[in-house]
Amino acid sequence: MTVAATRRQVLQGAGVLAGLATMAQAAPAAARRAPNVIIVYCDDLGYGDLSCYGAPLIRTPVVDRVAAGGMRFTTMYSASPLCTPSRAALLTGCYAPRVNLPYVLDPRDTNGLAPSEVTIAAYLREAGYATACVGKWHLGAPPRFRPDKHGFDRFYGLLGSNDWNPSPALYDGDRVVEDPADQPSLTRRYTEQAVSFIRDHADRPFFLYLAHTMPHAPLSVEPEFAGRSAGGDYGDAVEAVDHYLGVLLGELDRLGIRQDTMVIFTSDNGPWYVGGTGPFSGRKAETYEGGVRVPFVLSWPGTVPAGVTYTEPACMVDVLPTLAAITGARLRDDRVIDGTDLSAALPGARPVDRGDIFFYSREDCNAVRRGRWKLHVKRFPGPFYTGRGFSATEELPQLFDLDRDPEEAYDLSTRHPGLVAALTARIREFDEELQADRGHRS
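Just so we're aligned: the sequence shown equals residues -26 to -1, 1 to 416 in mature numbering (1 follows the signal peptide of the UniProt record, and there is no 0).
Printed below as a string of structure tokens:
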């Protein structure tokens, strides 16, 4: 999608917001200003790891209440099955290679998200929002790539991944407060910092990006959560995140701003060695469904109706243009945004056809989804990530009918050669455009 089209959607979003406002009859004050926005972004949380998505062993009553009180997306895709690129895509609305971050950053990397890239935080700050990043950054450790260079007024967390060697330090702004960070306490301390930020900005619109470290390995929790979950150590970590989501929502209630606040709870990609993918094949690093289909629940009480399930395909790059439409933030007209504004879906899950969804793993466009069909043309074998990656001897391309075969178990490529040819050509066309626009060169 070109940015010109996205900006037209932003203008249309004013009408959408007016439509949303008419639904808030029980709390008309909530419609008089753009909402606060909280994104709770888990690390390696699988589609099947929440009770409301069918987890058999892990209990997540707080997330379940958020889902019951709002919208549960069943076909939301991460823009990458890996940590750094998925975060870059969420925050910029662009597939990660377009913003030159297709790889996972390690402690030796000297690059990061370029200061010229514009994030959700930067757009919302321009629209009058207070902004904070709490938790895992992983978009560049050198000072010129840090959160304060990307629209965040406040940062508290880790600059990299919790499995870095040496173990990462905990930062408060540019100041190291603990080296290495005490990882078992991070979920609690992130929440405490998030609550403090909310209290300090309860009287104005705010954007909070709360990027939890858990349940990324190495798994760790404080003693009160250890051994509680039937889902083992992984379940303990997920249930701790759920508990502290309850603490966060409780503070919104105490301050009387719950109806002024949109809350999104989701994950960066599928699970690593442990964790559930629900009915899907593949795991982290793979562009099969289990690596890229993620839980996504959205709540905005009094405005977005309760108990709604949204089944249309969507992608994490859609979050930025959707929030821009709802908040009135003005997007730049000098760059392509890959996402689609989905704000028209919020009043009642009205389907929005967001077009083809592309699946990148590292540099390569591995697959595309169009409607019910998904075509794989490349694969990033992931034994390092999964320990049981798909065999490199399996023939490609592979075509799956996801409506009938969500497990991607039955290849139909020989039955639909015309569709395979068309989708292959579309992948090539899109990727050539994207590669020519690396860093928004076009």
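The C-beta atom is built at its ideal place from N, Cα and C for all residues, glycine as well.
For the set Arg309, Tyr334, Asn340 and Arg346, the Cα lying nearest the Cα of Asp327 is the one of Arg346. Judged by pairs of C-beta atoms under 8 Å, the segment 188 to 198 does not touch the segment 226 to 235, as fewer than three such pairs exist.
Spatial neighbours of Tyr130 in its own chain (CB-CB distance under 6 Å, excluding positions within 5 residues in sequence) are listed in chain order as Val108, Asp146 and Gln167.
Thr165 is the residue among Ala410, Gly206, Thr165 and Cys57 whose C-alpha sits nearest the C-alpha of Leu226. Assignment of beta strand (DSSP E) within the segment 66 to 133, counting only whole runs of 3 or more residues, yields 104 to 110 and 128 to 132 in chain order. Arg309 has its alpha-carbon roughly 11 Å from the corresponding atom of Arg412.
Looking at the backbone, the Cα of Ala63 and that of Pro76 are separated by about 10 Å.
Where His217 is concerned, the enclosing alpha helix (DSSP H) starts and stops at Gly206 to Leu229. Pro287 is positioned such that its CB atom lies no closer than 7 Å to that of Thr66. Spanning the alpha carbons of Val278 and Tyr284 requires a straight line of approximately 12 Å. Beta-bridge analysis with DSSP links Ile12 to Leu182 and Val237.
For Pro35, the secondary structure class from DSSP, reduced to helix, strand or coil, is helix. Taking a contact as a CB-CB distance under 8 Å, the pair Tyr183 and Ile13 counts as one, their CB atoms being some 5 Å apart. Its chain contains Ile13, Leu64, Gly67, Ile94, Ile238 and Gly313 as the residues whose beta carbon lies nearer than 8 Å to that of Val293, once the 5 sequence neighbours on both sides are disregarded; these appear in chain order. Within the segment 248 to 317, the runs of beta strand (DSSP E) that reach at least 3 residues and sit entirely inside it are, in chain order, 267 to 273 and 282 to 284. Nearest to Asp153 by C-alpha distance, out of Trp138, Thr161 and Arg162, is Trp138. The Cβ atoms of Val271 and Arg46 sit closer than 7 Å to each other. Listed as beta-bridge partners of Asp327 by DSSP are no residues whatsoever. In this structure Asp177 is exposed. Its beta-carbon is surrounded by fewer than 16 other beta-carbon atoms within 10 angstroms. Remark: C-beta atoms of Asp330 and Lys352 do not approach each other more closely than 7 Å. Using a Cβ distance threshold of 7 Å, Leu408 and Pro71 count as a contacting pair. Here the segment 251 to 263 does not lie against the segment 200 to 219, with fewer than 3 beta-carbon pairs under 8 Å apart. Sixteen is the threshold: since fewer than 16 other Cβ atoms of the shown chains lie within 10 Å of the Cβ of Thr84, the residue is exposed.
Separation of the CB atoms of Glu213 and Thr34 is rounded to 7 Å, and the pair is thereby assigned contact status at 8 Å.
When beta bridges are read from the DSSP output, Trp138 appears opposite no residue. For Val151, the enclosing beta strand (DSSP E) begins and ends at Arg149 to Glu152.
By DSSP's assignment, Trp347 forms a beta bridge with Arg344 and Asp375.
In this structure His186 is in contact with Tyr15, their Cβ atoms being roughly 7 Å apart against a cut-off of 8 Å. Asp385 and Leu370 have their alpha carbons spaced roughly 9 Å apart.
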